[in-house]
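Heads up, the thing below is written out as structure tokens.
There are 2 protein chains.
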Amino acid sequence: MERAIDLEIQKLKERILLMGGYVEKAIEEATQALIDREPERFEKVHEYETIINRSHIEVDEACLRLLARQSPLAADLRLIVAVIKINTDLERMGDQAVNISHNGKRYLERPPLKPLIDLPRMSQEVRVMVRAALDAFVKRDSVMAADVLQRDDSVDALKHHIFQELIAYMGKDPTTIEQALNLILIARNLERLGDHATNIAEDVIFAVTGKDVRHGAHNPSRRVAKPSGKAKT
Amino acid sequence: MERAIDLEIQKLKERILLMGGYVEKAIEEATQALIDREPERFEKVHEYETIINRSHIEVDEACLRLLARQSPLAADLRLIVAVIKINTDLERMGDQAVNISHNGKRYLERPPLKPLIDLPRMSQEVRVMVRAALDAFVKRDSVMAADVLQRDDSVDALKHHIFQELIAYMGKDPTTIEQALNLILIARNLERLGDHATNIAEDVIFAVTGKDVRHGAHNPSRRVAKPSGKAKT
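So the protein sequences, as listed, match chains L and Z. Here the numbering used here is used: the first sequence runs in plain steps of one and ends on residue 353. Here the numbering used here is used: the second sequence runs in plain steps of one and ends on residue 353.
In structure tokens:
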């Protein structure tokens with residue numbers, strides 16, 4: 121028999137998926153505006169962020185209503201708490217896409233640095249992480265979620281490489297300092313987007329298995345070299 | 121009559137306060153190690169982060185237990201959901217303190233740039249925000265929380281000023297690029313700490329008043345010039 125709470129949880133999942141879709145679009149549009157040097161397209165990122173913010177408030181309200189009226193237990197309760205957290209991460213991802221727009225606008229005010237280096241690839245990787253984390257959430261698939269944690273390492277490696285190249289650029293030609301700095305900040309924004317996707321994946325694993333994989337509580341070896349998924353620069 | 125849930129909520133508040141105290145200490149130690157050029161003191165920041173991470177997991181577990189066993193309603197429910205969010209912000213603040221340590225260590229590997237400019241002041245401001253946000257939480261004081269939102273503007277202004285000065289430094293003397301970049305990233309870390317304190321203050325206002333002040337839902341004028349408290353660089 122279908123329980124009322126199942127229907128509500130299904131609706132919550134659909135909202136989160138939709139919101140995640142807008143996050144992906146916001147990241148893609150911000151990156152593409154930068155690649156194509158079309159600053160007017162950053163406006164679209166703000167529009168997506170407004171939608172994400174509205175959804176953020178609605179999902180929070182829906183979770184509070186569910187907790188108050190249905191008194192969910194065990195797996196349902198874990199899932200709703202995970203949604204509250206995933207919702208927060210998605211909202212902050214919208215902020216980061218807007219941050220890319222701000223830095224991107226400043227970058228486009230000056231002549232281009234020749235390469236965007238690995239930034240487009242980094243953006244692509246991050247979007248794959250977001251999509252995979254939310255797929256894992258909807259399918260309650262903790263193995264798929266664990267794969268997202270691995271992918272974050274390659275995003276971090278890309279960021280490190282971008283930093284090195286841009287610092288070398290600045291040193292060779294000080295007139296490039298401001299442009300290079302804007303790209304460094306964009307690489308940092310993308311890295312943070314990857315961190316948020318990682319947070320979502322960790323919340324999915326907790327919601328599905330009841331196991332807490334944060335802070336090496338589940339698999340200490342993963343976190344030894346890197347005390348926290350977010351602590352890097 | 122004292123309800124069982126009141127005692128549990130009191131315990132939760134004490135844990136959050138304790139955790140916030142460690143966050144303050146971590147920020148202070150990271151900044152002071154930088155000012156005094158004593159890199160070995162960054163180790164202490166990692167120790168604080170380990171304590172914060174342990175607390176993060178315990179608070180989450182306590183919240184889930186409370187939600188499952190006590191089926192809290194209305195104000196209690198809003199407060200517990202706020203604790204889940206505040207807990208996440210405090211944990212990420214620990215990460216940011218570690219990020220300051222990483223950037224600080226790299227900074228201290230080279231000769232100093234003459235001034236640390238406004239970084240010590242920015243760190244001080246951020247710690248005041250953390251303390252005020254958590255005081256507001258414990259006292260259920262939404263006016264005090266609203267004051268934190270205002271303070272964030274001065275932190276952002278400090279960051280902007282620091283960025284401008286450091287970019288000028290880099291331009292005048294390209295041998296300072298790496299040191300200046302490390303300080304720029306530290307200013308960015310401090311700005312993010314201010315954003316997290318702002319998030320906490322917003323959650324306090326919601327928990328106390330039931331009003332959502334995020335995304336200009338409560339007072340649109342505050343957010344017009346700045347689409348989101350976190351979207352800046």
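Each residue gets a CB set at the ideal place from its N, CA and C atoms; glycine is no exception.
The alpha-carbon separation between aspartate 293 of chain L and leucine 286 of chain L amounts to approximately 11 Å. Setting aside the 5 residues that flank it on each side, tyrosine 289 of chain Z is surrounded in the same chain by Leu233, Thr296 and Ala300, each with a C-beta closer than 7 Å to its C-beta; the list follows chain order. Close partners of aspartate 332 of chain Z in chain L (Cβ separation under 9 Å): Ile177, Asp180 and Glu181.
Inter-segment contact for the segment 142-155 of chain L and the segment 158-175 of chain Z is absent: fewer than three beta-carbon pairs are separated by less than 8 Å. Taking a cut-off of 8 Å on C-beta distances, the segment 225-241 of chain Z touches the segment 306-313 of chain Z, as three or more cross pairs fall below it.
DSSP places glycine 214 of chain Z inside the alpha helix (DSSP H), whose first and last residues are 194-228.
For glycine 224 of chain L, there are no neighbours in chain Z by C-beta distance under 9 Å, as the nearest C-beta there is about 11 Å away.
Residues of the same chain with a CB within less than 6 Å of the CB of leucine 278 of chain Z, apart from the 5 flanking positions on each side, are Asp238 and Met242 in chain order.
Residues of the same chain with a CB within less than 6 Å of the CB of phenylalanine 326 of chain L, apart from the 5 flanking positions on each side, are Asp332 in chain order. In terms of CA proximity to leucine 184 of chain Z, L/Ser191 leads the group L/Ser191, L/Asn207 and L/Glu245. Nearest Cα to histidine 166 of chain L within the set L/Asp126, L/Arg260, L/Glu211 and L/Glu134: L/Glu211. When 7 Å is used as the limit between beta carbons, leucine 187 of chain L is near these residues of chain Z: Leu187 and Leu197, in chain order.
Burial check for isoleucine 155 of chain Z: the Cβ neighbour count within 10 Å stays below 16, so the residue is exposed.
Three or more beta-carbon pairs separated by less than 8 Å are not found between the segment 212-229 of chain L and the segment 216-223 of chain Z, which leaves the two stretches without contact. Within the segment 264-335 of chain L, the alpha helix (DSSP H) runs of at least 4 residues that lie entirely inside it are, in chain order, 297-329.
Close partners of valine 201 of chain L in chain Z (Cβ separation under 7 Å): Leu184 and Ile204. Taking a Cβ-Cβ threshold of 8 Å, none of the residues of chain Z is close to serine 262 of chain L; the smallest such distance is about 18 Å. In this structure valine 201 of chain L is buried. Its beta-carbon is surrounded by 16 or more other beta-carbon atoms within 10 angstroms. For leucine 154 of chain L, the three-state secondary structure derived from DSSP is helix. Going by C-alpha positions, aspartate 126 of chain L is about 12 Å away from glutamate 134 of chain L. In chain order, Ile287, Met290 and Gly291 make up the part of chain Z whose C-beta sits under 7 Å from the C-beta of isoleucine 297 of chain L. Against chain L, the CB of proline 240 of chain Z has no partner CB under 8 Å away; the residue lies outside that interface. Judged by beta-carbon spacing, isoleucine 204 of chain L lies within the 8 Å limit of isoleucine 204 of chain Z, meaning their Cβ atoms are closer than that value.
DSSP places arginine 123 of chain L in the coil class of the three-state scheme, outside both helix and strand.
The beta carbon of proline 294 of chain Z falls within 8 Å of a beta carbon belonging to chain L, placing the residue at that interface. Glycine 330 of chain Z sits exposed, since fewer than 16 C-beta atoms from the chains shown fall within 10 Å of its C-beta. Contact of threonine 208 of chain Z with chain L by beta-carbon distance below 7 Å involves Lys205 and Thr208. With contacts defined by Cβ atoms closer than 8 Å, glycine 214 of chain L and alanine 256 of chain L do not form a contacting pair.
When only Cα atoms are considered, leucine 254 of chain L and arginine 334 of chain L end up about 18 Å apart.
At least one beta carbon of chain Z lies nearer than 8 Å to the beta carbon of histidine 335 of chain L.
Taking the beta carbon of leucine 193 of chain L as reference, the chain Z residues within 7 Å of it are Ala188, listed in sequence order. Cβ-Cβ separation between glutamate 158 of chain Z and arginine 251 of chain Z: approximately 24 Å, too far for a contact (criterion under 8 Å).
For the pair leucine 313 of chain Z and valine 246 of chain Z, the CB atoms are nearer than the 8 Å cut-off. Our two residues, glycine 140 of chain L and glutamate 163 of chain Z, have alpha carbons roughly 37 Å apart in a direct line.
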